[in-house]
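To convert, count from 1 in the sequence shown and add 5; that's the numbering used here.
Only one structure is covered here, and it is reproduced in the block below.
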Amino acid sequence: MQMILQMTWRKPSFNADQPADPSAKPVRPLNLWRQGCPSGCIIVSELATLRRRFAEELRATAHLTSDGLVEAFAKVPRERFVGHGPWQICVFADDGSWSYRSTDSDDPIHVYGDVLIGIDSARGLNNGEPSSLAAWIESLALRSGETVVHIGSGTGYYTAILA
Numbered sequence: 006m007q008m009i010l011q012m013t014w015r016k017p018s019f020n021a022d023q024p025a026d027p028s029a030k031p032v033r034p035l036n037l038w039r040q041g042c043p044s045g046c047i048i049v050s051e052l053a054t055l056r057r058r059f060a061e062e063l064r065a066t067a068h069l070t071s072d073g074l075v076e077a078f079a080k081v082p083r084e085r086f087v088g089h090g091p092w093q094i095c096v097f098a099d100d101g102s103w104s105y106r107s108t109d110s111d112d113p114i115h116v117y118g119d120v121l122i123g124i125d126s127a128r129g130l131n132n133g134e135p136s137s138l139a140a141w142i143e144s145l146a147l148r149s150g151e152t153v154v155h156i157g158s159g160t161g162y163y164t165a166i167l168a
C-alpha cells in the first residue's frame, strides 16, 4: 500500500535579521519545579504525567481517534529531540508575523505545549506544531507493520512518534 501525505504550509512573514523583541517577557506556561530538588529538577514520574497530559490535550485539540498515536505522544520524550533549554518558542502576532522568545529556564515543561520550538531560529526552522503533525499523521491511517519514509524529519521527534 502506498501512502502520500501532502502538507500545505503557509510561510509566515519572518525576518531572520530582526531579533526578537528584547522587552518581551520570556514564555513560562506552567511551573512544575520541585521544591528541595537539586537545581529545581523535575522527577521522572512528573515528566511521565506531563507527557500523558500533553498527549490527552493533543487528542482533544487535534481530534485524534487513534489510541496508538496518543500513546506515542505520551511516551516519546520531546525534550530529547529539541536540544538543551532554554528553548526558543515561536510566538505569532495578530498580523501573521512571528518571532522567538526564550524560555526562562531549561525546565522540560516548556516543550509540552502545542508550540513551535526553534531548532535553528536564525533560519526559521522549527520542531513543528504538535497538533498539526498529529492530525497529519493520523490522516495516514497507518496500521501495524506498514512502512513509512519520513523525508525532512528534522530532529527525528515525529519519526519517533511514527515508530
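Ideal Cβ placement from N, Cα and C applies to all residues, glycine included.
Going by the CB atoms, is the gap between residue j and residue i shorter than 8 Å?
i	j	result
L121	I142	no
G90	N132	no
L63	V81	no
S144	D119	no
Y117	L138	no
A79	A60	yes
A127	A67	no
V96	I124	no
Q107	Q93	Correcting the residue type first, residue 107 is Ser in the shown sequence and not Gln. Yes, Cβ-Cβ distance for S107 and Q93 is below 8 Å.
For residue i, name the three-state secondary structure that DSSP assigns.
i	result
Y117	coil
L130	strand
R148	coil
S136	helix
A67	coil
A168	coil
V75	helix
T54	helix
Q40	Because Q40 carries a pLDDT of 45, less than 50, the predicted location of this residue cannot be relied on, and the following value inherits that uncertainty. Residue state, collapsed to three classes: coil.
By DSSP's criteria, residue i is part of a beta bridge. Which residues make up the other side?
i	result
G123	Q93, N131
Y105	C95
Taking just the CA atoms, how far does residue j sit from residue i?
i	j	result
P113	L52	8 Å
L130	G150	31 Å
D111	S102	26 Å
A77	D99	32 Å
R148	R58	25 Å
A146	T152	12 Å
R85	L55	15 Å
S50	Y105	30 Å
G73	E134	19 Å
P24	D109	Per-residue confidence for P24 stands at a pLDDT of 46, beneath the threshold of 50, marking its modelled position as unreliable; no derived number is given.
A165	H115	20 Å
L69	R83	19 Å
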